[in-house]
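Protein chains in written order, with my numbering: chain A, 1 to 193; chain B, 194 to 306; chain C, 307 to 536. Note sheet for the following structure.
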Amino acid sequence: MGNLDMLSLTAYALQVLLIIMAVSIVVHKNNGTIIILITTFSLITASLYVINKAPDVAIAEVAIGSAIIPLIYVISISRQREFIVLDKAMDDFIIADNAFTGVGYVLLKRFTDFYHLELNICNDVRLCSLGAGRDQLLCEQTNVDLIVSKDDERNVYVLKGKASSILTYKLEAMARDYDNIEVVKFKDRDFGD
Amino acid sequence: MNPLLTFVVILIGFYGLSTSTNIIKSVFCVTIIESGVILLFLNLGNLDGGVIPVIGDTLPVGGIADPLPQALMITTIVIGSTVTALALMLCIKVFHHYGTVEWAEILSRESGK
Amino acid sequence: MIKQFVLIGLLAILFAVFFVSMQDIQELYNTFGKDYIAASGFADTGSRNLVTAILLDYRLFDSLFEAGILLIAVSGVIWISKHEIEEKNAQFMLDKFNTPDLFVTFSRLVYPLMLAFGFYVIINGHVSPGGGFQGGAIVATAILILYYIDADKETNIGLIVTIEKILYIAILLVASLSIVTRGEFFTNFFALDASADTKAIYLVLLNVMIGMKVALGLWTIFTAFLKEGR
């Protein structure tokens with residue numbers, strides 16, 4: 001009987017700990033810290049499952065909650081700090097003198113640092129070979145946020161972004177000071193066309 | 194009583210779900226509610242006490258815990274993780290479409306159209 | 307602020323309702339099902355683990371279609387994360403990610419042990435706590451370690467999903483065999499009075515198939531996420 005009392009005492013203690021963890025997950029602001037908290041939360045629930053006579057459920061919870069759930073949270077949170085730019089111009093706009101010192105790079109870096117984003121510049125060969133008419137389709141179908149291209153006649157760099165994205169408007173406000181940079185917004189179509 | 198404490202966890206999840214400003218935060222709160230529901234099922238299956246539902250040739254003296262809620266909850270955990278993955282994948286798509294994951298900004302963009 | 311007080315008040319009402327209903331729980335709750343399963347579960351299904359007995363025999367209908375939900379969720383994740391393009395990050399290529407050597411060595415040591423433990427849990431699902439769903443999750447976690455060793459590992463998602471679909475159809479076929487041998491849907495295909503060892507063949511077969519299906523499904527999901535993360 002003494003053993004059983006000890007077990008129910010442990011159960012109560014773990015339940016109170018679970019409530020504390022749940023409250024801290026709800027009130028915490030930083031999503032990165034919450035991942036650690038949710039892993040702890042899931043391990044506490046697993047031990048409560050064992051106390052509630054369900055070892056099968058506990059094995060499943062430990063296997064899933066300790067590795068796969070934190071992984072997908074980490075990846076999706078890190079992806080939500082990312083600003084993907086497709087560089088079609090391929091000249092000294094981004095890379096000047098073999099380093100990231102071009103005028104466009106400085107602007108984009110200032111922009112992403114200001115909004116705590118991570119700049120990701122890619123120049124995929126197959127994507128860059130697509131014509132300018134398909135830029136809107138490209139923007140909608142892939143995760144690319146911004147397309148950089150060059151208008152040779154006016155000698156102006158054109159940055160194309162989605163009109164639905166709030167970041168395009170913020171970039172437009174920031175790029176107003178530059179003479180040779182122009183921000184173009186695609187018209188909205190229905191999401192998922 | 195244990196089920197009452199477990200119900201508090203579910204209510205905290207509801208509170209977080211209705212006050213969260215961030216999509217990811219909402220998904221976290223759904224995870225909390227899900228864990229609370231699983232724990233509530235197991236608590237209710239274990240009201241009379243008893244041993245774990247793995248039996249030998251003779252029945253245990255104190256009876257066993259109810260195996261039916263446990264069988265339902267095993268599938269819930271596996272399905273719940275995949276549904277969480279689906280929700281997070283949709284979050285990534287929403288970020289690249291609206292440029293933000295805050296509910297208020299997304300709603301203002303939608304209504305301002 | 308007033309909204310939060312209203313919200314807390316509503317949640318308090320919910321808690322009060324739950325508290326009142328918990329007072330009458332003894333009237334709502336009965337032990338007939340529990341007693342029946344405890345008394346005749348082993349004789350009916352040949353499984354000492356009564357949870358497995360319910361999952362794979364009494365309520366096989368539920369488990370099969372919840373495995374179907376898993377397949378649908380996996381298909382949804384793949385469809386949403388579909389990329390026709392190869393994203394190459396210029397900065398990422400400049401400073402390449404390096405896993406520490408100690409971590410790689412330790413992962414190589416742990417990986418076969420985890421795989422073996424996963425298969426142990428799957429195969430002994432009918433005599434000890436475990437079974438297809440749990441073992442499948444452990445095997446998927448073991449496969450995840452391979453990505454820590456080699457971050458650029460290539461995986462053919464299409465092939466994995468095809469195998470998963472074929473496995474799901476095979477699970478449905480094995481489960482439906484009982485309509486020929488016993489005249490009932492979705493139960494053990496051996497006769498009801500067969501010995502426990504004979505019935506265990508069916509349990510192990512279905513556990514292994516469900517375990518492989520769950521492992522492949524979770525593998526697909528985290529591969530899709532890792533591709534997103536690259």
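Glycine residues also receive a C-beta, built at the ideal position from the N, C-alpha and C atoms. Small disclaimer: the values here were computed from a predicted structure and weren't measured.
Contacts of residue i in chain B (Cβ-Cβ under 7 Å)
{"i": "Asn513 (chain C)", "result": "Here the premise fails: no neighbours, minimum Cβ distance about 12 Å."}
Residue i beta carbon near the ligand HEM (any heavy atom closer than 7 Å)
{"i": "Leu356 (chain C)", "result": "By its list of ligands, the structure shown contains no ligand whatsoever, and the ligand HEM lies outside what it can speak to."}
Beta-carbon neighbours of residue i, restricted to chain B and to distances below 8 Å
{"i": "Pro435 (chain C)", "result": "Ile245 and Val247"}
{"i": "Pro70 (chain A)", "result": "The premise fails here: Pro70 (chain A) is roughly 11 Å from chain B at the closest Cβ pair, so nothing lies under 8 Å."}
{"i": "Ala379 (chain C)", "result": "Ile272, Thr275, Val276, Ala278 and Leu279"}
Cβ-based burial, residue i [other Cβ within 10 Å; buried from 16]
{"i": "Lys505 (chain C)", "result": "buried"}
{"i": "Arg154 (chain A)", "result": "exposed"}
{"i": "Val202 (chain B)", "result": "buried"}
{"i": "Ala54 (chain A)", "result": "buried"}
{"i": "Met6 (chain A)", "result": "exposed"}
{"i": "Gln263 (chain B)", "result": "buried"}
{"i": "Met518 (chain C)", "result": "buried"}
{"i": "Leu334 (chain C)", "result": "exposed"}
{"i": "Val294 (chain B)", "result": "buried"}
{"i": "His116 (chain A)", "result": "exposed"}
{"i": "Val220 (chain B)", "result": "buried"}
{"i": "Asp363 (chain C)", "result": "buried"}
{"i": "Thr199 (chain B)", "result": "buried"}
Close beta carbons around residue i, own chain, < 6 Å, minus the five adjacent residues each side
{"i": "Ile205 (chain B)", "result": "none"}
{"i": "Glu118 (chain A)", "result": "Arg81 and Glu82"}
{"i": "Val184 (chain A)", "result": "Val158 and Lys160"}
{"i": "Ile343 (chain C)", "result": "Leu356"}
Cβ of residue i within 8 Å of any chain A Cβ
{"i": "Gly256 (chain B)", "result": "no"}
{"i": "Val312 (chain C)", "result": "no"}
{"i": "Val294 (chain B)", "result": "yes"}
{"i": "Leu252 (chain B)", "result": "no"}
{"i": "Val410 (chain C)", "result": "no"}
{"i": "Ala443 (chain C)", "result": "yes"}
{"i": "Val262 (chain C)", "result": "Outside the displayed span of chain C (307 to 536) sits residue 262 (chain C), for which this structure offers no information."}
{"i": "Val201 (chain B)", "result": "yes"}
Proximal residues of chain C, C-beta to C-beta of residue i below 8 Å
{"i": "Ile217 (chain B)", "result": "By Cβ distance, chain C contributes nothing, its closest Cβ being about 14 Å from Ile217 (chain B), past 8 Å."}
{"i": "Asp113 (chain A)", "result": "Chain C residues near Asp113 (chain A): none, gap ~14 Å exceeds 8 Å."}
Nonlocal neighbours in the same chain, by C-beta distance under 7 Å from residue i, ignoring five residues either side
{"i": "Phe528 (chain C)", "result": "Leu450"}
{"i": "Arg302 (chain B)", "result": "Tyr291"}
{"i": "Gln440 (chain C)", "result": "Val427"}
{"i": "Ala58 (chain A)", "result": "Ala46, Tyr49 and Val50"}
Neighbour flag for residue i against chain C, beta carbons, 8 Å
{"i": "Thr214 (chain B)", "result": "no"}
{"i": "Ile64 (chain A)", "result": "yes"}
{"i": "Ala297 (chain B)", "result": "no"}
{"i": "Ala67 (chain A)", "result": "yes"}
C-beta neighbour in chain B for residue i, strict 8 Å
{"i": "Lys53 (chain A)", "result": "yes"}
{"i": "Ile331 (chain C)", "result": "yes"}
{"i": "Ser484 (chain C)", "result": "no"}
Per-residue contacts from residue i into chain A (C-beta, under 7 Å)
{"i": "Ala278 (chain B)", "result": "Ile72"}
{"i": "Phe439 (chain C)", "result": "Ala60"}
{"i": "Phe528 (chain C)", "result": "Ile68, Leu71 and Ile72"}
Beta-carbon neighbours of residue i, restricted to chain C and to distances below 9 Å
{"i": "Ile25 (chain A)", "result": "Per Cβ cutoff of 9 Å: no residues; Ile25 (chain A) is ~16 Å from chain C at best."}
Residues near residue i by beta carbon distance below 8 Å, same chain, minus five either side
{"i": "His28 (chain A)", "result": "Ile34 and Leu37"}
Residue i: contacting residues in chain B (beta-carbon distance under 9 Å)
{"i": "Gly523 (chain C)", "result": "Val271 and Thr275"}
{"i": "Lys162 (chain A)", "result": "His289, His290, Tyr291 and Gly292"}
Chain C residues whose Cβ lies nearer than 7 Å to that of residue i
{"i": "Leu204 (chain B)", "result": "Leu317, Leu320 and Phe321"}
(message) My parser needs the beta strand (DSSP E) runs of 3 or more residues fully inside the region 147-173 of chain A; what are they?
(response) Correct list: 156-162.
(request) Give, in chain order, every unbroken run of the beta strand (DSSP E) that is at least 3 residues long and sits entirely within the region 9-87 of chain A. (result) Qualifying beta strand (DSSP E) stretches, in chain order: 82-87.
(request) List in chain order: all unbroken alpha helix (DSSP H) runs of 4+ residues lying wholly within the region 462-500 of chain C. (result) If we require 4 residues or more, the alpha helix (DSSP H) runs fully inside the region 462-500 of chain C come out as 463-482 and 484-487.
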